[in-house]
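Notes for the one structure printed next.
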Amino acid sequence: MEHGTNTSTGKEEGAETDTDTPGLNARSFRALRLCTNFRAGFTLPSCGARGAEEVHQEIARQWPERNMPFVFETVHCMGKCHIGPTLRLVPAGPFLMGAKTKEDVTRILDLLEAGDIEQAAQEFPAPAL
Ligand code: FES
207 MEHGTNTSTG
217 KEEGAETDTD
227 TPGLNARSFR
237 ALRLCTNFRA
247 GFTLPSCGAR
257 GAEEVHQEIA
267 RQWPERNMPF
277 VFETVHCMGK
287 CHIGPTLRLV
297 PAGPFLMGAK
307 TKEDVTRILD
317 LLEAGDIEQA
327 AQEFPAPAL
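Below you can see the structure in the form of structure tokens.
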């Protein structure tokens, strides 16, 4: 699509994309954040006990091969310990929950790399608590 100014609306044509929805534009996020917290003894829920290390390894393996618009970082807890592994786009982006397999990670990274934040959030939703 060519860029230009629509003379009837005064808006620049072709500049908007599906990810221009406020808050869901990939360029508005600084990082994809993964919780890798592990609580010893398995007595308390944690992302580490629910598969975060496997998710971490797969993201770290794929990340250098991709052209992501933000950085990847790990943290210790984002408050969704019992439903992790917890992924979130920051600042203030959607949580991406339920990734367990390499295929899940590939799907999430494919969507994020394409800038389809809304689809990623729909496919990996944060359950209502
Ligand atoms: S342990 Fe991961 S969100 Fe709390």
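Under this note's numbering, the first residue of the sequence shown is numbered 207, with each subsequent residue one higher.
The beta carbon of each residue, even a glycine, is placed where N, CA and C say it ideally should be.
### Query
Out of L250, T249, I265 and R233, which has the shortest C-alpha to C-alpha gap to L293?
In the sequence shown, residue 293 corresponds to position 87, counting from 1. Among L250, T249, I265 and R233, the Cα nearest to that of L293 is on I265.
### Task
Report yes if the CB atom of G254 is closer than 7 Å to the CB atom of T242, and no otherwise.
As a working mapping, residue 254 is identified with position 48 in the sequence shown. As a working mapping, residue 242 is identified with position 36 in the sequence shown. Closer than 7 Å, so yes.
### Query
If we count the other Cβ atoms within 10 Å of its Cβ and call it buried at 16 or more, is V277 buried or exposed?
As a working note, residue 277 is residue 71 in the sequence shown. It counts as exposed.
#### Entry: Beta-ladder partner(s) of E279, from DSSP
To locate residue 279, count along the sequence shown from 1; it is residue 73. In the DSSP output, where bridge partners are listed per residue, E279 has R239.
#### Entry: Whether F330 touches L295 by CB criterion (7 Å)
Numbered from its first residue, the sequence shown carries residue 330 at position 124. Numbered from its first residue, the sequence shown carries residue 295 at position 89. No, Cβ-Cβ distance for F330 and L295 is not below 7 Å.
### Task
Can you have a look at P297 and say buried or exposed, based on whether 16 or more other CB atoms are within 10 angstroms of its CB?
The count along the sequence shown starts at 1 and reaches residue 297 at position 91. By the 10 Å Cβ count, P297 comes out exposed.
### Query
Would you say M303 touches the ligand FES, meaning its beta carbon is less than 6 Å from a heavy atom?
Indexing the sequence shown from 1 puts residue 303 at position 97. Not under cutoff, so the answer is no.
### Query
Out of I323, A332, G290 and P333, which has the shortest C-alpha to C-alpha gap to A237?
The count along the sequence shown starts at 1 and reaches residue 237 at position 31. Of the candidates I323, A332, G290 and P333, the one whose C-alpha sits nearest the C-alpha of A237 is I323.
### Query
Of the residues F235, T312, N231 and A305, which one's Cα is nearest the Cα of E271?
Here residue 271 corresponds to residue number 65 of the sequence shown, with the count starting at 1. Measuring from the Cα of E271, the nearest candidate turns out to be T312.
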